[in-house]
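Chemist: Take this structure first; my questions come after.
2 protein chains.
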Amino acid sequence: MSTCSSSSTNQMAAEEANGSVTMLPGVEDKYGGVVTEISHPMDPSAFSALLRTSLSNWTLQGKKGVWIKLPRHLIGLAETAVKEGFWFHHAEKDYLMLVYWLPKEDNTLPFNASHRVSIAAFVINHKKEVLVVQEKTGRTKGKGIWKFPTGVVNEGEYIHDGSVREVKEETGVDTEFVQVLAFRQTHKTFFEKSNLFFLCMLKPLSFEISAQESEIEAAQWMPWDEYTKQPFVQNHELLRYMTEICSAKTNGDYEGFTSIPVSEHDQQGNLYFNSLDLLPRH
Amino acid sequence: MSTCSSSSTNQMAAEEANGSVTMLPGVEDKYGGVVTEISHPMDPSAFSALLRTSLSNWTLQGKKGVWIKLPRHLIGLAETAVKEGFWFHHAEKDYLMLVYWLPKEDNTLPFNASHRVSIAAFVINHKKEVLVVQEKTGRTKGKGIWKFPTGVVNEGEYIHDGSVREVKEETGVDTEFVQVLAFRQTHKTFFEKSNLFFLCMLKPLSFEISAQESEIEAAQWMPWDEYTKQPFVQNHELLRYMTEICSAKTNGDYEGFTSIPVSEHDQQGNLYFNSLDLLPRH
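In order, the protein sequences belong to chains H and P. Here the first sequence stands for residues 1 to 282, numbered as in UniProt numbering. Here the second sequence stands for residues 1 to 282, numbered as in UniProt numbering.
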């Protein structure tokens, strides 16, 4: 697999005595690939010549994937790379990543990101009242429907942190993450991408509500029974399941996945699992 | 939120009597946005003029996000869009999606995909032997380390289907999905993206092993105790947790998340939850 996630510092740019660069500056990745980041404007024909020379050399060196990171202001060079056989791997706001596969064998390039991660927050207080909102946009807008706070987890954010942040942003309520009670995978939910939606239970640490102006019409603590009786909740299979799970959890009859930081090699991460079953009970 | 995930059929291309198009063909999305897909080559200056006229008109119409889907062979037009203020939202192999936000308020455009989904498969037979492989590439290559089969879930594939497919591809063994036992979230694992890694338990339906030539050095059924005694397993926090969870599950002391199809509105999806706790026991 060839990827830009890490790289050696072996700069392969070759400069001749007269100062003209004869190859693109390449950085090796640990999968036998080369990454080149174009940082200065260039004449397309000069770029084309450099690219051809570089590809020939990298082929001789037995390189596999060749990555070109093109910043937005140099997008005019993309056409040249496409003409040389490059295709698109992914893009972020300010750059396009192009890629080419040199070996004759099938490419083993890593997949592009395929999922977005979203959450719904189940926050219940000691009076069996649940924290609910009415949204200003989307499918339920203007219908008087009370829902759990929901949101999309930011890039680089843990699910448990994202759920705490979303509840705070939408309602002003401080919470502590308890468990992931369930999750759901759906496909083709935005563009052609998939969604992983995590139902999180959170414990309230404050109770005063201050609804977010931009997205939230209203927010309140609502008796759980009143929430579950809404026809909108009764009529949707997913919401019925979520309600059953949350009811069981409130009654102490359900165990979800708790979260702990767990490292592997040099990478930090968070493991979510059924800790009640695994660890000695408190 | 403005997205291309669904759209009305309201074509807004305006053609004059002489046949010349004075605006780009736009399709409204359900969030107040406009999507235009460029399908024919165009002179950059003609594209620039069309784009300006279209943006003026869409602004007057109160449109929000403007999306331009540019196929790879027309990437030469990207520079023009960037000069008009567009930035990149995402790219797939054959197209670049550019985006622009017309209103004065902060943009509420949907996030790009942020996660890749991968799996590890825990497959154990009635003799308490676990299905393990040695990989031809990656960190453990050539070290004689026996690992669970792992892999990346394809775009549009469910986690449970992906785990069954990966086991079949790597080892030739047919399996049935049992549960997600745990999952782990890590950041900046490839490019700047995150990974969600699901530990899946599978029940073997066949036992003969045929190792995949391209990726797998060797595969075998290995006594569970022998697997767990490997220093590689003992020395890594994540693998130790995974081993504890799998041992507890084998002894009937652990409950993970099972999977059932659950629909919401018109969308199908799969819900993963602790069904033993929720549903009447069999």
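We put the beta carbon where it would ideally sit given N, CA and C, even for glycine.
Where does Leu205(P) land, buried or exposed, given buried means 16+ other C-beta within 10 angstroms?
Modeler: Here residue 205(P) corresponds to residue number 205 of the second sequence, with the count starting at 1. Counting Cβ neighbours within 10 Å, Leu205(P) comes out exposed, since fewer than 16 surround it.
Chemist: State the DSSP-derived secondary structure class of Gln234(H), mapped to helix, strand or coil.
Modeler: Within the first sequence, residue 234(H) is the residue found at index 234, counting from 1. The answer is helix: DSSP assigns Gln234(H) an H, G or I state.
Chemist: Between the beta-carbon of Leu271(H) and the beta-carbon of Arg184(P), is there less than 9 Å?
Modeler: On the first sequence, residue 271(H) is found 271 positions in, with the first residue counted as 1. On the second sequence, residue 184(P) is found 184 positions in, with the first residue counted as 1. Contact flag set, yes.
Chemist: Give the straight-line distance between the Cα atoms of Val99(H) and Met201(H), rounded to the nearest whole angstrom.
Modeler: As a position in the first sequence, residue 99(H) is number 99, starting the count at 1. As a position in the first sequence, residue 201(H) is number 201, starting the count at 1. Distance between the alpha carbons of Val99(H) and Met201(H): 42 Å.
Chemist: Would Arg72(H) pass as an interface residue toward chain P - the criterion being a Cβ-Cβ separation below 9 Å?
Modeler: The sequence position of residue 72(H) within the first sequence is 72, counting from 1. By this cut-off, Arg72(H) is an interface position.
Chemist: Note down, in chain order, each residue of its chain lying with its Cβ closer than 6 Å to the Cβ of Val130(H), except the 5 sequence neighbours on either side.
Modeler: Looking up residue 130(H) in the first sequence gives position 130. Only Ile124, Met222, Trp224, Tyr227 meet the Cβ criterion.
Chemist: Report the option in Asn235(H), Pro261(H), Tyr254(H) whose CA atom is closest to the CA atom of Asp266(P).
Modeler: Residue numbering aside, residue 266(P) sits at position 266 when the second sequence is read from its first letter. It is Asn235(H) whose Cα lies nearest to the Cα of Asp266(P).
Chemist: In whole angstroms, what is the alpha-carbon distance linking Lys69(H) and Asp174(P)?
Modeler: Start at 1 with the first residue of the first sequence, and residue 69(H) comes out as number 69. Start at 1 with the first residue of the second sequence, and residue 174(P) comes out as number 174. Their Cα atoms are separated by approximately 41 Å.
Chemist: Indicate the three-state DSSP secondary structure (helix, strand or coil) for Cys4(P) in the structure shown.
Modeler: If you number the second sequence from 1, residue 4(P) lands on position 4. Reliability fails at Cys4(P), whose pLDDT of 41 lies under 50, so the model's placement of it is uncertain and no value is given.
Chemist: Once DSSP output is grouped into helix, strand and coil, what is the label at Arg184(H)?
Modeler: Locating residue 184(H) in the first sequence gives position 184, counting from the first residue. Reduced to three states, the DSSP call for Arg184(H) is strand.
Chemist: Based on the DSSP secondary-structure assignment, which residues constitute the bridge partners of Ser214(P)?
Modeler: As a first step, residue 214(P) must be located in the second sequence, where it is residue number 214. Its beta-bridge partners do not exist; DSSP assigns none.
Chemist: With burial defined as no fewer than 16 other Cβ atoms inside 10 Å of the residue's Cβ, what is the status of Ile216(P): buried or exposed?
Modeler: By 1-based counting over the second sequence, the position of residue 216(P) is 216. Answer is buried; the Cβ neighbour count reaches 16.
Chemist: Just to confirm my understanding: we take Tyr254(H), look at its own chain, exclude 5 residues before and 5 after, and list those with CB closer than 8 Å. What are they?
Modeler: For this step, residue 254(H) is matched to residue 254 along the first sequence. Closer than 8 Å at the Cβ level, and outside the excluded window around Tyr254(H), lie Leu181, Ile245, Ala248.
Chemist: Mapping DSSP to helix, strand and coil, what is Trp224(P)?
Modeler: What you label residue 224(P) is simply residue 224 of the second sequence in a count that begins at 1. Helix.
Chemist: In terms of alpha-carbon separation, which member of Gly33(H), Thr171(H), Pro71(H), Ala78(H) lies closest to Ser45(H)?
Modeler: Here residue 45(H) is taken as the residue at index 45 of the first sequence, counted from 1. Out of Gly33(H), Thr171(H), Pro71(H), Ala78(H), Ala78(H) has the C-alpha closest to the C-alpha of Ser45(H).
Chemist: If contacts are defined as beta-carbon pairs under 8 Å, then residue 290(H) and Gly156(P) qualify, I think. What distance do you get, rounded to the angstrom?
Modeler: In the structure as shown, chain H begins at 1 and stops at 282. Residue 290(H) is therefore absent and cannot be evaluated.
Chemist: Check the Cβ of Ser45(P) against every Cβ in chain H and list those closer than 8 Å, keeping chain order.
Modeler: In the second sequence, residue 45(P) corresponds to position 45, counting from 1. Under the 8 Å cutoff, chain H gives no residues; its nearest Cβ is about 14 Å from Ser45(P).
Chemist: Any idea what DSSP makes of Gly151(H), helix, strand or coil?
Modeler: On the first sequence, position 151 is the one that residue 151(H) refers to. Note: Gly151(H) maps to strand in three-state DSSP.
Chemist: Do Val66(H) and Arg72(P) have their CB atoms nearer than 9 Å?
Modeler: Position 66 of the first sequence, counting from 1, holds the residue named residue 66(H). Position 72 of the second sequence, counting from 1, holds the residue named residue 72(P). Contact: no.
Chemist: State yes or no: is the C-beta of Arg139(H) nearer than 8 Å to some heavy atom of the ligand MG?
Modeler: With respect to small molecules bound, the structure shown includes none, and the ligand MG cannot be examined in it.
Chemist: With respect to the alpha helix (DSSP H) encompassing Ser163(P), which residues constitute its N-terminal and C-terminal limits?
Modeler: Here the question's residue 163(P) lines up with position 163 in the second sequence. Where Ser163(P) is concerned, the enclosing alpha helix (DSSP H) stretches over 159-171.
Chemist: Distance check for Gln134(P) and Pro231(P), CA to CA, integer angstroms please.
Modeler: Within the second sequence, residue 231(P) is the residue found at index 231, counting from 1. Within the second sequence, residue 134(P) is the residue found at index 134, counting from 1. Spanning the two alpha carbons is a distance of roughly 15 Å.
Chemist: Pop quiz: Arg116(P) and Phe190(P) are said to be a contact at Cβ under 8 Å. What is the actual Cβ separation, rounded to whole angstroms?
Modeler: One-based indexing of the second sequence puts residue 116(P) at position 116. One-based indexing of the second sequence puts residue 190(P) at position 190. 7 Å between Cβ atoms; contact.
Chemist: Counting only the same chain and skipping the five closest in sequence on each side, list residues whose C-beta sits under 6 Å from that of Leu24(H).
Modeler: Locating residue 24(H) in the first sequence gives position 24, where the first residue counts as 1. Contacts found: Thr36, Leu50, Ser54.
Chemist: Applying the criterion that 16 or more other CB atoms from any shown protein chain within 10 Å of the CB defines a buried residue, is Ala219(H) buried or exposed?
Modeler: As a working mapping, residue 219(H) is identified with position 219 in the first sequence. Classification of Ala219(H): buried, given that the 10 Å Cβ count is 16 or more.
Chemist: Going along chain P, which residues have a C-beta under 8 Å from Trp87(H)?
Modeler: For the purposes of this step, residue 87(H) is taken as residue 87 along the first sequence, with counting starting at 1. Within chain P, the residues near Trp87(H) are Arg72, Lys93, Asp94.
Chemist: Between the beta-carbon of residue 340(H) and the beta-carbon of Lys63(H), is there less than 9 Å?
Modeler: Residue 340(H) falls outside the range modelled here, since chain H spans only 1 to 282, and no answer is possible.
Chemist: Once the 5 residues before and after Pro261(H) are set aside, which same chain residues still bring their CB inside 6 Å of it?
Modeler: As a working mapping, residue 261(H) is identified with position 261 in the first sequence. Correct list, in chain order: Asn270.
Chemist: Would you mind telling me which residues of chain H sit closer than 8 Å to Thr244(P), beta carbon to beta carbon, in chain order?
Modeler: On the second sequence, position 244 is the one that residue 244(P) refers to. The question names Thr, but residue 244(P) is Glu in the sequence shown. Neighbours of Glu244(P) on chain H, chain order: Leu278.
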